[in-house]
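Following full-length UniProt numbering, the numbering of the sequence shown begins with 1 at its first residue and continues without gaps.
Below is one structure, written out as structure tokens; comments come after it.
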Amino acid sequence: MSSNNESIGKTLGVVVGLCLVCAIVVSFASVQLRPLQQANKIKDVQRNILTAAGFKDIENVEETFKANIESRVIDMKTGEFVDVDPLSFDFESTKYDAERSFALEKENDLAGIQRMTYNSPVYLVKGDGSDVSTVILPIQGYGLWGIMFGFLAMDEDGQTIKAIQFFKHKETAGLGGEIENPKWTATWEGKQLPIDIVKGTAGNNEHKIDGLSGATLTSNGVDNTIDFWTSEKGFGPFLAKVRKGALN
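Here is the structure:
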């Protein structure tokens, strides 16, 4: 009997010891890999900003971004630039920081994001000279299954859309997931604010975009997202300054 107890005790001791060793190894690996994971996350965001800015076949993301994109932060209420590090923003988590964000009242939360930050990064693309040719705005809004994260590229006039780029979402592949389809995103180029995503064909109407077939709720989510972020509750105050030529 004692022999059996000793055997069970040893087995349990080995199992516990093995679990502790595995936990230590996993924790150590997580800590060591965290800087690399963060760097890759920043690089992925930069790649999508560059894509929205019209850069293709990017070989060195970091160098291309540094050479062509100026990252600034604005006060969302006034549209003025503020002295805040753009890299301090994480599009998924910063809005839950109580000191840097606030809760949206339901009637004001057209995009379904619940909270938004007092400040936001914006990205300025310089043209051939020193003037800004494109303004890229980070946007997010609820689709069918969750929050869709993307970038809206605007012309220097603050009115004309140059591109839209979604980089993270939970929409259904082949349906709502078509928000990433280059054929669909290409239809946004040259459209004018305000935008309305419609069922069927938008034709040559400069304010209308073809809806996604079989993905009405996702289309509505994108529509609401654009309406919110280009309104006074979003980037409206900043876009008003852009339209007055404040950037150049």
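Glycine residues also receive a C-beta, built at the ideal position from the N, C-alpha and C atoms.
From a predicted model like this one, the values you see are computed outputs, not experimental measurements.
{"Check": "Minimum C-alpha distance to P182 - residue among V222, I197, V125, I164", "Outcome": "I164"}
{"Check": "Start and end residues, alpha helix (DSSP H) containing V84", "Outcome": "Segment: none, V84 is in no alpha helix (DSSP H) and carries neither H nor E."}
{"Check": "Cutoff 6 angstroms; reference E180; Cβ partners in own chain excluding five residues on either side", "Outcome": "F166"}
{"Check": "Proximal residues to R115 (C-beta, below 6 angstroms), its chain only, five neighbours per side dropped", "Outcome": "K95, S101, A103"}
{"Check": "P182: first and last residue of the uninterrupted alpha helix (DSSP H) it sits in", "Outcome": "182-185"}
{"Check": "Paired residues, beta bridge with G158 - DSSP", "Outcome": "DSSP, once it has assigned bridges, lists no residue as partnering G158."}
{"Check": "Whole-number beta carbon distance between F91 and Q140, since they are thought to touch under 8 angstroms", "Outcome": "6 angstroms"}
{"Check": "Backbone CA spacing between L33 and S130 [nearest angstrom]", "Outcome": "For L33, the pLDDT reaches just 49, beneath the cut-off of 50, and the residue's location in the model is therefore unreliable, although a value from the coordinates is still provided. Going from the Cα of L33 to the Cα of S130 covers about 39 angstroms."}
{"Check": "Residue closest to V55, alpha-carbon to alpha-carbon, out of N68, T230, D75", "Outcome": "The displayed chain sequence assigns Phe, not Val, to residue 55. The option with the nearest alpha carbon to F55 is N68."}
{"Check": "Between the CA atoms of V21 and S7 - distance to the nearest angstrom", "Outcome": "21 angstroms"}
{"Check": "Coarse secondary structure for K41, derived from DSSP in three states", "Outcome": "helix"}
{"Check": "When V73, D75, R72, N40 are compared against N60, the one with the closest alpha-carbon", "Outcome": "N40"}
{"Check": "The region 214-232 in contact with the region 189-206 per 3-pair CB rule at 8 angstroms", "Outcome": "yes"}
{"Check": "Beta carbon of G127 nearer than 8 angstroms to that of K241", "Outcome": "no"}
{"Check": "DSSP-derived helix/strand/coil call for I139", "Outcome": "strand"}
{"Check": "Chain-order list of residues whose beta-carbon lies under 8 angstroms from that of G200 (same chain, five-residue window excluded)", "Outcome": "D210, G211"}
{"Check": "Cβ pair F149, K168 closer than 8 angstroms", "Outcome": "yes"}
{"Check": "Residues near F238 by beta carbon distance below 6 angstroms, same chain, minus five either side", "Outcome": "I74, G79"}
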